[in-house]
Amino acid sequence: MDKTIRRDHWHKTRRMTAWLLLLWVVTTFCAAFFARELTGLSVFGWPLSFYLAAQGASLVYLAIIGCYAWRMRRLDRQARADAAAASARRPAGARP
Amino acid sequence: MKEPRSFANKLGRYYLLFTAGFGGFLLSLTLLEQEGMPRIWIGYLFMFATIVLYAILGVLSRTSNVLEYYVAGRRVPAVFNGMATAADWISAASFISLAGGLYLHGFDGLAYIMGWTGGYVLVALLIAPYLRKFCQYTIPDFLAMRYGGANGEDNAAGRVVRIMAVLATIIVSFTYVTAQIYAVGLITSRFTGVDFSVGIFLGLASILVCSFLGGMRAITWTQVAQYIIILVAFLLPAIWMSVKLSDNPIPQVAYGKLLPKLSAREAVLQQDPKEAEVRAIFQQRANEYQAKLDALPASWETGRRDAQRKLDNIKTRNGSLLDLRSAERALIAYPKNAEIAASEWAEAHAYNLARAKPITPHAEPYAGDAQTSDIKRNNFVALVFCMMLGTAALPHILMRAYTTPSVHDTRVSVFWTLFFILLIYLTIPAMAVLVKYDIYTALVGSDFNHLPGWVSYWTNVDKLTPLFSINDVNRDGVVQLAEITIDADVLVLAAPEIAGLPYVVSGLVAAGGLAAALSTADGLLLAISNALSHDIYYKIVDRNASTQKRVTISKLLLLGVAFIAAYAASQRPGDIISLVGAAFSLAGSTLFPALVLGVFWKRANHQGAVAGMIAGFAVCLYYMLHANPVLGGSTTGQWFHIAPTSAGIFGVPAGLLVMIVVSLLTPPQDSQTSALVDYIRAPEK
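So the sequence lines, in the order shown, correspond to chains A and D.
Quick note: the first sequence uses numbering that gives the first Met the number 0, first residue 0, plus one each step.
Quick note: the second sequence uses numbering that gives the first Met the number 0, first residue 0, plus one each step.
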């Protein structure tokens, strides 16, 4: 696979990983650190802090992993398609 | 692409058939119970039927092929790999103790739910797909190749990293597996009445038949079956209770309605004068112990004299035999000297003081005054991150990444893993609230002469360390909340009876707990024996060993490790839960920095990895020894009041920092390593 395609793919992967990790940290830290402040609010009967720690955060984690798997498949496919296009172009250009 | 699809379909059919068969088994046992089959036989049937089932699955998938033995042929479909990893993950502690822990600690116990699920984000994003792309057999394989430099497989640098990674794998997995085997012994002995050590070796036999014959392949297919049993066993009582208490068959949704009711009930009980009376009695007892402690050693002398005098009094006035016996027993049980008295009374003081405490509201985070509340919050955050980082570095979970057909399947399989774990983990807090509500409303306030049957059963199960106790402390004939103590381990096992379900369901729950412990033990034992046979024997001792020989060596080592672990468990090591917590912290501190930087930072080199692993391990171990009173430290040695279980919160940053600094101070690795990292990062062809 071409070097530039690979570098491009890795940059995108890294950026997405960073964003998703940020979401992970924010979810975890906010749910845990500000639990006392969130008790006053309530969702479906639960105090918000209890809901987040017992269900909400875990569901966010599941969504993060799902989103990552889905997006990575698209990135991988894109890189493979680019590589195929590049190798198709090269032999054609090499011939006089 | 067609072949794997049909393989997955075939598997799906097999496991549907299996589930139906299991349902039939449950149904027929229910009928048998109604016909009057004794309880103990139901216990026996469940234990033996499930153990025989695992053995059969093990025999069916026996193998001597290296690829099959180490990584299940790399053809496990993502969904099934997810199920197997979930069973691998859900240990005896999650299944049996976690709901009980939430019952006792309320909100503060939820750190485990968050930590043990959030760790999979790290597994999915940072580690698992890259390991699969690397496409070898074990975790030390990856670290040795990445940090070994040119021909990292063979040179001294690679060997050093490999041996360190193997040591970390063994230390972490061994503490963890001992806890699982201990739980196996506990469950089998409680439900079949056999001796504790016999129970351990029964469980061991079934672990061995499975992993001994077929390695990863047998384990994977057995774990899928075990997951199904775990799921049914956990959900059935929860659904039943949920219908009974709130007319809603989905416990995860239903307990949202119950939680405010529970809080209201807690408030009522908190104001109840009878509750206050019981708590005052405990407070008074605690004060008496405190007074005795303050007056040592004179109080020990007078106490002994009093006990002797009481006995003499009864003898001289010809008291009843009953009084005589109790006075004699009191004298015999009296502490032998002042030192023993000091420790016994301090323990009794703490116990009574704890029982004199007011109710902690279930939904309130970090209850207490401003300072304790802040300390609790910081500990919660630390514990959550520690459990997450530990999860992302547990070798028996990570080696699962190697077993899927492709990198994409690995990513999807982590998704399924968390999905299947959440089916259980979202039910655990619901279970805790349901049982708590039932006990607070139905048991509290009832008459001592009309206690439900399960109360007397569970108070008599373990005489030495009562799992459940209830005493009429203020002698008013009515049950007060403060008169009940309940152990974290008993909640899930007793839940079916508390909910009024037939005994078959209790047997099912025990079988589920057994499945949870066995599946985790299987995975851990395989991780240990693979590290020894593949990484030590094949890669370091004998590079020319035939594949046949490698598998045979691995099987023999597995046998050896299993017996050592069973021996360790049969010694009943104290405080086993804190050992498991320690395993998480050690795993995170030692392996996590090297694994993640190995992929994401090309500049990370051999020296950095070695220094980082040593530093992480050392800081973590130092803090645990320094701050844990059980291990010879003291609580005054704690940094920022962080509990020693969360030592990883210092160990991981220390490991990362040292690794980065040392890597930058030493020359970068050669172009071969750089090419390896590029290869790992690149998408699959």
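The beta-carbon is built from N, C-alpha and C at its ideal position, and this holds for glycine as well.
Everything numeric in this text was worked out from a predicted model, so none of it was measured.
Item	Value
Residue from 167(D), 357(D) and 437(D) with nearest C-alpha to residue 242(D)	437(D)
Exposed unless 16 or more other CB atoms sit within 10 angstroms - verdict on residue 115(D)	buried
Residue-chain proximity (residue 56(A), chain D), Cβ-Cβ < 8 Å	yes
Simplified DSSP state of residue 484(D), which is helix, strand or coil	strand
Length of the line joining the Cα atoms of residue 81(A) and residue 10(A)	15 Å
Residue-level contact to chain A via CB, residue 350(D), 8 Å cutoff	no
Residue 41(A) - partner residues in DSSP beta bridges	46(A)
Chain D contact for residue 38(A) (CB, 8 Å cutoff)	yes
Range of the contiguous alpha helix (DSSP H) that encloses residue 469(D)	No alpha helix (DSSP H) holds residue 469(D); the beta strand (DSSP E) holding it covers 467 to 469.
Distance between beta carbons of residue 250(D) and residue 237(D), contact taken as under 8 Å	4 Å
Test: residue 265(D) CB closer than 8 Å to a CB of chain A	no
Helix, strand or coil at residue 472(D) [DSSP, three-state]	coil
C-alpha gap between residue 8(A) and residue 681(D), whole angstroms	8 Å
is_contact[residue 10(A), chain D] using C-beta, thresh 8 Å	no
Element boundaries [alpha helix (DSSP H), containing residue 343(D)]	337 to 354
Closer than 8 Å to chain D by CB, residue 16(A)	yes
Beta-carbon proximity check, residue 31(A) vs residue 113(D), cutoff 8 Å	yes
8 Å Cβ cut-off: residues of chain A touching residue 376(D)	31, 32, 34 and 35
Burial state of residue 426(D), where buried means 16 or more other Cβ atoms lie within 10 Å	buried
Residue 270(D), buried or exposed, once every other Cβ within 10 Å from all chains shown has been counted against 16	exposed
Residue 277(D) in three-state terms, based on DSSP	helix
Residue-chain proximity (residue 1(A), chain D), Cβ-Cβ < 8 Å	no
7 Å Cβ cut-off: residues of chain D touching residue 79(A)	682
Under 8 Å between C-beta atoms of residue 6(D) and residue 74(D)	yes
Contact belief for residue 84(D) with residue 530(D) at Cβ below 8 Å, rounded distance in angstroms	At roughly 18 Å, the Cβ-Cβ gap does not stay under 8 Å, so residue 84(D) and residue 530(D) are not in contact.
Euclidean distance between Cα positions of residue 52(D) and residue 224(D)	9 Å
Cross-chain neighbours of residue 407(D) in chain A, by beta carbon under 8 Å	68, 71, 72 and 75
Exposed unless 16 or more other CB atoms sit within 10 angstroms - verdict on residue 678(D)	exposed
Backbone secondary structure at residue 477(D) - three-state DSSP	strand
Any C-beta of chain D under 8 Å from that of residue 88(A)	no
Proximity of residue 81(D) and residue 418(D) at Cβ, strictly below 8 Å	yes
Whole runs of the alpha helix (DSSP H) within the region 4 to 67 of chain D, excluding any shorter than 4 residues	38 to 59
Beta-carbon gap between residue 60(A) and residue 23(A) smaller than 8 Å	yes
Counted within 10 angstroms of its Cβ, other Cβ atoms place residue 0(D) as buried (16 or more) or exposed	In this predicted model, residue 0(D) has a pLDDT of only 41, less than 50, meaning its place in the structure is not dependable enough to derive any value.
Under 8 Å between C-beta atoms of residue 175(D) and residue 523(D)	yes
Limits of the unbroken alpha helix (DSSP H) element including residue 18(A)	2 to 32
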